[in-house]
Amino acid sequence: MVKNKDLLIAGNWKMNGSKKNLSMISLLMKYIKQKKFKNSEILICPPNTLIDAFSNISKRSKLMIGAQDCSDKEYGAFTGDISPSMLKDIGSQAVILGHSERRQYQEESNKLIRSKAENALNNNLLTIVCVGESLNQKKSGNTLRVIGEQLKKSLPDKIKPNDLVIAYEPIWAIGSGLVPNNDDIYKVHSFISDKLKSRYGGKAKKIKILYGGSVNKKNASSILSIDYVDGALVGGASLKFSDFRAILDFCN
Ligand code: 13P
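Take 870 as the starting number for the sequence shown in our numbering and just add one per residue.
Shown next as C-alpha cells:
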C-alpha cells in the first residue's frame, strides 16, 4: 500500500476495446465499491465509441471516464473532430492531451496541445497533458531540456490547478517493458514540480504529476512510492481487469 498519497490511476485504452468490454467496467465498479477508496481517484479513457456506454454504467460512482484527445475548437466545420463540450455531453469527465503517439503520428505541436488544453480546461474537463523524451534525447542528456520546453509551450498560462494533471511518459518506456530507474523518475518529477511552481506559484501544489510507461502490477508499488509521483497513466495493463486491479490494490 502506498501510504499518505492522493493518487490518480488512469487507464489509457488507446485504440482498443469494444462493447464486449462493458463487463470489465462492471467488474471495476464492483471492486471500487468494495474497496472504498478514500483518497485515490480512478479514471478509464476508452476510445470515444465507448465513453457514452461506460459513463452510463459508472454514473454516481468513483470511477471517472475520459477521452484520449479533443479539438481546440468548440464546434463547426472540422470533420472528424470532437469538442470538449461534446465529450462532456456523453459523460466524459477528463481528457488526455499531447500523448506522444499523437505528437508522433498526428504531428501535434506544443502550440496545438496548448490550445486544446485551454479549450478542455474552459469546459471543466480534468486535463492530462503528456510530456516525455525519446530514447535519443535521453541518450544525449537532453531529457530535462526537452521536458522543460514541452511544459513551457504546451501548458496554458491560465489554469485551474485542480483540473490540470501532467503525465511524464518517456517515449522509450511506452509499451516496451522498460522503465527508468526510481532515481531518474524522481529527478524528472521534481524538475516538473519546480517548473510548475515557478510558473503558477502556490497553485502548482494542486497539480498532480503522473508517471506513465510500462507500469504494471510488479513495478507499480515502487513507482507510486517515489516522491513527486502522484499516480500513474497505464496503457497495456489497464486493458485487463485483473492487471488493473492489482495496480489499484496499492492505492487507498
Ligand atoms: P504502456 O503502459 O502500455 O507502456 O503505455 C503507457 C501509455 O502510453 C499510457 O498513456
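Glycine is no exception: its CB is placed at the ideal position from the N, C-alpha and C atoms.
Nearest to ASN991 by C-alpha distance, out of GLN1019, GLN962, LYS888, is GLN962. Relative to ligand 1, ALA1089 has its C-beta separated by 7 Å or more from all heavy atoms. Per DSSP, the continuous alpha helix (DSSP H) segment holding VAL1057 begins and ends at 1051-1069. Listed in chain order, the non-local C-beta contacts of ILE965 below 8 Å within the same chain comprise ALA879, ASN881, CYS914, GLY935, ALA936, GLN937, ASP938, ILE997, CYS999, ALA1036, LEU1102, local neighbours out to five positions each way being set aside. In the structure shown, ASN873 adopts coil according to DSSP, grouped into three states. The beta carbon of LEU932 lies closer than 8 Å to those of ILE894, LEU897, MET898, ILE901, ILE911, LEU912, ILE913 in the same chain, with the five residues before and after it left out. Here the distance from the Cβ of LEU876 to the nearest heavy atom of ligand 1 is not below 7 Å.
Distances from the CB of VAL1034 to the heavy atoms of ligand 1 are all 7 Å or more. Bridge pairing for GLY949: absent [DSSP]. Counting only the Cα atoms, ILE1043 lies some 9 Å from GLY1105. Here TYR1037 is bridged, per DSSP, to VAL1000, TYR1080. The straight-line gap separating the alpha-carbon atoms of SER924 and LYS957 is approximately 10 Å. Counting every other CB atom within 10 Å of its CB across the protein chains shown gives PHE947 a total below 16, marking it as exposed. Not a single heavy atom of ligand 1 lies less than 7 Å from the C-beta of GLY1010. Remark: the shortest separation between the CB of LEU1047 and any heavy atom of ligand 1 does not fall under 7 Å. Remark: the C-beta of ILE1028 is outside contact range of ligand 1, defined as less than 7 Å to any heavy atom. With 16 or more other Cβ atoms from the protein chains shown falling within 10 Å of its own Cβ, ASN988 counts as buried.
For ILE913, the enclosing beta strand (DSSP E) has its first and last residue at 910-914. In the structure shown, MET893 falls within a helical segment according to DSSP collapsed to helix, strand and coil. Beta-bridge annotation (DSSP): ALA989 is not paired with any residue. By the neighbour-count definition (other C-beta atoms within 10 Å, threshold 16), THR1012 is a buried residue.
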